[in-house]
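Peer 1: Take a look at the following structure, please.
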Amino acid sequence: MFRKILPFCFFIFVGLTALWAQQSKYYQASTIPLSLKKEANAVIRFSEMKIELESQNLMNVKGKRIVAVLNKLGNNDLGVYLYYDDNVKIKNIKAVIFDAFGNEIKTIKQKHFKDVSAVSGGTLYSDSRVLYLEYTPVSFPFTVAYEYEYETSNTAFIPTWSPLEGFRVSTELSTIAITDQTGLGLRAKEKNFLDFPGIENQSTEETITYTAKNLEAVEYEEFSPSLRSYKPQVLFAISKLHLEGVDGEVHNWADMGKWQYDNLLVGTDELPEDTVNKMKVLTADLEDPLEKAKVVYQYMQENTRYISVQVGIGGWRPIKAEIVDEVKYGDCKGLTNYTRALLKAVGVKSYYAVVYAGSDKRGMEENFASMQGNHVILNIPSDNGDVWLECTSQIHPFGFLGDFTDNRDVLVVTAEGGVIKRTHAYKDDRNHQQINAEYKLDETGSISGEVLIKTSGIQYDQHFVINDYSKDEIEEHYKSYWSNINNLNIESFNLENEKSNIKFIEKIQISATKYASLAGERMIFAPNAFNKLSNIPNRYRNRKMPLEIDRGFFDEDEFSVHLPEGYEIEAMAESKSIENEFGIYKVDLIKNGDNSIKLKRSLIIHEGRYSKEKYAAFREFLMKINKCDNAKIVLIKS
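Take a look at the structure:
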């Protein structure tokens, strides 16, 4: 028996030794091709993932990564971590650290990885954990070789292959192979391959295989589309899947929604009788379903708190509504489902909706039904269109989403099946800011006055959060917001959040010494003290990415400036109007008879995507606005 096993073991040993010898060239930083070092903080020297679909409820994932970290910024690109829970069993994880010359510095076994909860602030998700490598390098460059293997029963979620992992990260070799020998209906969707010729599809009947070689690092460019929108990637899914202990068969979005409803939501919306009766009492005098929904939403906001847990961590099934009702907290799944249950108690229909949250407006993949999304919101159909509720926020107005989930396709889960709907878009002039200010300039160059700011749309979303700041935090906010005013003092402020109108109103009393410059008998100052376009994007000699203005906006300003006695205007900029495909800018300076001036300013920027050749013109447009906003008035003693 011993004699029979020995040759087999010897064969494995020789095979592994050969494999490691073949990959050892990746441990030396000197072997990195020069083209891959350009603009890179880190280089993915070697990345391999092998996925075996062993049955409808068993998937095995093995992987190896060899990453060269070229500088301190590259530490964030190691990618050495694994999430796990009751459905994900880690079988192996190990990392080896090498110095610049390929000499081994340290071996880190599983027991030396940091093992922490993936969720903080509650016990409902205590089984969701993450293993990660914590390593402080002595010098750069260094290399990490990382191996892992895990098994999961949740075959509904197959890892996506993205050989270009981030900005300033290049890839020497990346490969993925997914084998399905059980006829589960393995599918793949390629995205953004056209501009990356170094990618090959080497698939066979049973195995889908992709390989990418020598993908150079992409430098971040301002006002460009998100990296996700143009980097190469392949999505994978199977039609016969398993999730949270339940089998399913999914061929389209209707199937996916129906399966999620029947297996993830049914039975999770029951509430204690006392809570049901409380909701009925709160809404007893209301007939309109949306008015009832407003009262219920406010109750939910005032009586729960949010714990940040992404979809996929802590499971895909929401915590039962009765448990959230008891403990008064939950993640996006739990709080959305809880609100759905509260609305059900008063006869208002609402639907669980899965979304990709984030500022880059990512939507569900058309014609590729699979487990997607990282967040959950609530949908209430009405005669006047869909109403969307963000149930993780204690401060959002009813029906307002903001830039976290606006203008993207989401999966609405109903008893009849899944429906793709699009959330509200906040376009250009809907993102409105109006600033009215009146201030006095005295003979020392100091100013004092009042500023009134009203915002709506996405600009509301950017302002109203300060309502929960402390007094000191609010004062620091305004000093940063008006950083162009030296020696700024916030005398007082009053904030009003008009949730019913989705408007935020700020009244601020300010003063500042030495705002104007004194030069002999002259005083020089910029009348636009409170809304200057100051951030000019970088110049790129060889821009590579298209120009994208992801959200437009509309600003209207009117400033009244009372000039000091004994001074008159010697020089003042003329009115200006600039209009092009990117937007419209207008500024007027008007001299009044009471020794005051009025500045009227408006700026509208259009949302849109433009060719990279137009970036220079857009930047020039912003520079002209900046010049006008900084235009000075010269006063002279009369």
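Numbered by full-length UniProt numbering, the letters in the sequence shown go through residues 1 to 638 in order.
Heads up, the beta-carbon is just placed ideally off N, CA and C, and yes, glycines get one too.
What you are looking at is a predicted structure, and each value in this text was computed from that prediction instead of being measured.
#1: Is the beta carbon of T414 closer than 8 angstroms to that of Y338?
#2: Where H251 and P163 are concerned, what is the direct C-alpha to C-alpha distance, given to the nearest angstrom?
#3: Just confirm the distance between the C-beta atoms of Y27 and F98, as a whole number of angstroms; I'd bet it's less than 8 angstroms.
#4: Whose C-alpha, out of V355, T444 and F46, is nearest the C-alpha of K637?
#5: By the 10 Å Cβ neighbour count, where 16 or more other Cβ atoms means buried, how is I395 classified, buried or exposed?
#6: Note down the Cα distance separating I377 from G457, rounded to an integer number of angstroms.
#7: Considering only the beta carbon of each residue, do M59 and E151 sit closer than 8 angstroms?
#8: For D550 and K427, I'd like the C-alpha separation in whole angstroms.
#9: Nearest by alpha-carbon distance to S446: which of V412, N467 and S517 is it?
#10: Going along the chain, which residues of its own chain have a beta-carbon closer than 6 angstroms to the beta-carbon of E473, five neighbours each way excluded?
#11: Please give the ranges of any beta strand (DSSP E) in the stretch 107-164, keeping only runs that are unbroken, at least 3 residues long and fully inside the region.
#12: So what's K427 in DSSP terms, helix, strand or just coil?
#13: Based on Cα-Cα distance, which residue from V96, R129, K421 and L133 lies nearest to F113?
#14: Would you grab the beta carbon distance between Q233 and T160 for me? Rounded to a whole angstrom, and I think it's under 8 angstroms.
#15: Name, in chain order, the residues that DSSP records as bridge partners for E388.
#16: Buried or exposed: where does Q202 fall if 16 or more other Cβ atoms within 10 Å of its Cβ makes it buried?
#17: Considering only the beta carbon of each residue, do M279 and A345 sit closer than 8 angstroms?
#18: I need the boundaries of the alpha helix (DSSP H) containing F618, first residue and last residue.
#19: Among the candidates Y356, S47, S492 and N103, whose CA atom is the shortest distance from the CA of T211?
#20: Note down, in chain order, each residue of its chain lying with its Cβ closer than 8 angstroms to the Cβ of K4, except the 5 sequence neighbours on either side.
#21: Between the C-alpha atoms of R543 and E221, what's the straight-line distance to the nearest angstrom?
#22: State yes or no: is the C-beta of G417 within less than 8 angstroms of the C-beta of G257?
#23: Looking at C628: is its Cβ nearer than 8 angstroms to the Cβ of K576?
#24: Taking the continuous beta strand (DSSP E) assigned at D557, which residues delimit it?
#25: Are K612 and M545 close, meaning C-beta to C-beta below 8 angstroms?
#26: How far does the beta strand (DSSP E) with T207 in it extend, from its first residue to its last?
#27: Given this structure, state the Cα-to-Cα distance separating K499 from S492, to the nearest angstrom.
#28: Provide the residue span of the beta strand (DSSP E) that contains V354, from first to last.
#29: Would you grab the beta carbon distance between E200 and L271 for me? Rounded to a whole angstrom, and I think it's under 8 angstroms.
#30: Rounded to whole angstroms, what's the CA-CA distance from L194 to F464? Just pull it up for me.
#31: Quick check: the Cα distance between K294 and L343, rounded to an integer number of angstroms?
#32: For the stretch 568-582 against the stretch 616-626, are there 3 or more C-beta pairs whose distance is under 8 angstroms?
#33: Who are the near neighbours of E565 in its chain, counting only those whose CB is closer than 8 angstroms to its CB and skipping five residues on each side?
#34: Could you check the C-alpha separation between E190 and V587 for me, to the nearest Å?
#35: Report the option in L603, A95 and Q181 whose CA atom is closest to the CA atom of E104.
#36: Indicate whether V354 and L411 have their beta-carbon atoms separated by less than 8 angstroms.
Peer 2: To lay it out plainly:
#1: Taking the sequence shown and counting its residues from 1, one reaches residue 338 at position 338. Taking the sequence shown and counting its residues from 1, one reaches residue 414 at position 414. Against a cut-off of 8 angstroms, the Cβ pair of T414 and Y338 comes out as no contact.
#2: Position 251 of the sequence shown, counted from the first residue, corresponds to residue 251. Position 163 of the sequence shown, counted from the first residue, corresponds to residue 163. Between H251 and P163, the C-alpha separation is close to 27 angstroms.
#3: Locating residue 27 in the sequence shown gives position 27, counting from the first residue. Locating residue 98 in the sequence shown gives position 98, counting from the first residue. Going by Cβ atoms, the distance from Y27 to F98 rounds to 4 angstroms, so yes, they are a contact pair.
#4: What you label residue 637 is simply residue 637 of the sequence shown in a count that begins at 1. Of the candidates V355, T444 and F46, the one whose C-alpha sits nearest the C-alpha of K637 is T444.
#5: To locate residue 395, count along the sequence shown from 1; it is residue 395. That one is exposed.
#6: Walking along the sequence shown from the start, residue 377 turns up at place 377. Walking along the sequence shown from the start, residue 457 turns up at place 457. If I take the Cα positions, the gap works out to 19 angstroms.
#7: Taking the sequence shown and counting its residues from 1, one reaches residue 59 at position 59. Taking the sequence shown and counting its residues from 1, one reaches residue 151 at position 151. It is a contact, given that the beta carbons lie within the stated cut-off.
#8: Position 550 of the sequence shown, counted from the start, is the residue given in the question as residue 550. Position 427 of the sequence shown, counted from the start, is the residue given in the question as residue 427. C-alpha separation (whole angstroms): 10 angstroms.
#9: As a position in the sequence shown, residue 446 is number 446, starting the count at 1. If we check each option's Cα against that of S446, S517 comes out closest.
#10: Sequence index remark: in the sequence shown, residue 473 carries index 473 (1-based). If we look at E473 and ignore the five residues flanking it on each side, it has no Cβ neighbours.
#11: 114-117, 129-132 and 142-152
#12: Taking the first residue of the sequence shown as position 1, residue 427 is located at position 427. In the structure shown, K427 sits in coil (DSSP, three-state: anything other than H, G, I, E or B).
#13: For the purposes of this step, residue 113 is identified with residue 113 of the sequence shown, where counting begins at 1. Checking every option, the nearest Cα to that of F113 belongs to L133.
#14: Position 233 of the sequence shown holds residue 233. Position 160 of the sequence shown holds residue 160. Confirmed, Cβ separation roughly 6 angstroms.
#15: Residue mapping note: residue 388 aligns to position 388 of the sequence shown, counting from 1. Note on identity: in this sequence residue 388 is Trp, with Glu being the wrong assignment. Note: W388 sits in a beta bridge opposite N379.
#16: As a working mapping, residue 202 is identified with position 202 in the sequence shown. Q202 comes out exposed.
#17: Locating residue 279 in the sequence shown gives position 279, counting from the first residue. Locating residue 345 in the sequence shown gives position 345, counting from the first residue. Yes, these two residues count as a Cβ contact at 8 angstroms.
#18: For the purposes of this step, residue 618 is identified with residue 618 of the sequence shown, where counting begins at 1. F618 -> alpha helix (DSSP H) spans Y615 to D629.
#19: Translated into the one-based positions of the sequence shown, residue 211 becomes position 211. For the residues Y356, S47, S492 and N103, the minimum Cα distance to T211 belongs to S47.
#20: Counting from one through the sequence shown, the residue named residue 4 turns up at place 4. Any reading at K4 must be qualified, since the residue scores a pLDDT of 37, below 50, and its modelled position is unreliable; the value itself is stated next. Nothing listed; no residue qualifies.
#21: Within the sequence shown, residue 543 is the residue found at index 543, counting from 1. Within the sequence shown, residue 221 is the residue found at index 221, counting from 1. The alpha-carbon atoms of R543 and E221 are separated by roughly 8 angstroms.
#22: On the sequence shown, position 417 is the one that residue 417 refers to. On the sequence shown, position 257 is the one that residue 257 refers to. Yes, Cβ-Cβ distance for G417 and G257 is below 8 angstroms.
#23: The sequence position of residue 628 within the sequence shown is 628, counting from 1. The sequence position of residue 576 within the sequence shown is 576, counting from 1. In this structure, K576 lies closer than 8 angstroms to C628 by Cβ.
#24: Within the sequence shown, the letter at position 557 stands for residue 557. Start and end: F553 to H562.
#25: Counted from its first residue, the sequence shown places residue 612 at position 612. Counted from its first residue, the sequence shown places residue 545 at position 545. Yes.
#26: Counting from 1 along the sequence shown, the entry for residue 207 is found at position 207. Element bounds for T207: T207 to L215.
#27: As a position in the sequence shown, residue 499 is number 499, starting the count at 1. As a position in the sequence shown, residue 492 is number 492, starting the count at 1. Taking the straight line from one Cα to the other gives about 23 angstroms.
#28: By one-based count along the sequence shown, residue 354 stands at place 354. Note, V354: beta strand (DSSP E), Y351 to V355.
#29: Taking the first residue of the sequence shown as position 1, residue 200 is located at position 200. Taking the first residue of the sequence shown as position 1, residue 271 is located at position 271. In fact, because the Cβ distance is near 54 angstroms, the residues do not count as touching under 8 angstroms.
#30: By one-based count along the sequence shown, residue 194 stands at place 194. By one-based count along the sequence shown, residue 464 stands at place 464. Each residue's alpha carbon lies about 42 angstroms from the other.
#31: Stepping through the sequence shown from its first residue, residue 294 is reached at position 294. Stepping through the sequence shown from its first residue, residue 343 is reached at position 343. In a straight line, the C-alpha of K294 is about 10 angstroms away from that of L343.
#32: yes
#33: Counting from one through the sequence shown, the residue named residue 565 turns up at place 565. E443 and N595, listed in sequence order.
#34: In the sequence shown, counting from the first residue as 1, residue 190 sits at position 190. In the sequence shown, counting from the first residue as 1, residue 587 sits at position 587. Near 48 angstroms, if we compare the C-alpha coordinates of V587 and E190.
#35: Residue numbering aside, residue 104 sits at position 104 when the sequence shown is read from its first letter. Looking at the Cα atoms, A95 is the closest of the given residues.
#36: Residue mapping note: residue 354 aligns to position 354 of the sequence shown, counting from 1. Residue mapping note: residue 411 aligns to position 411 of the sequence shown, counting from 1. It is a contact, given that the beta carbons lie within the stated cut-off.
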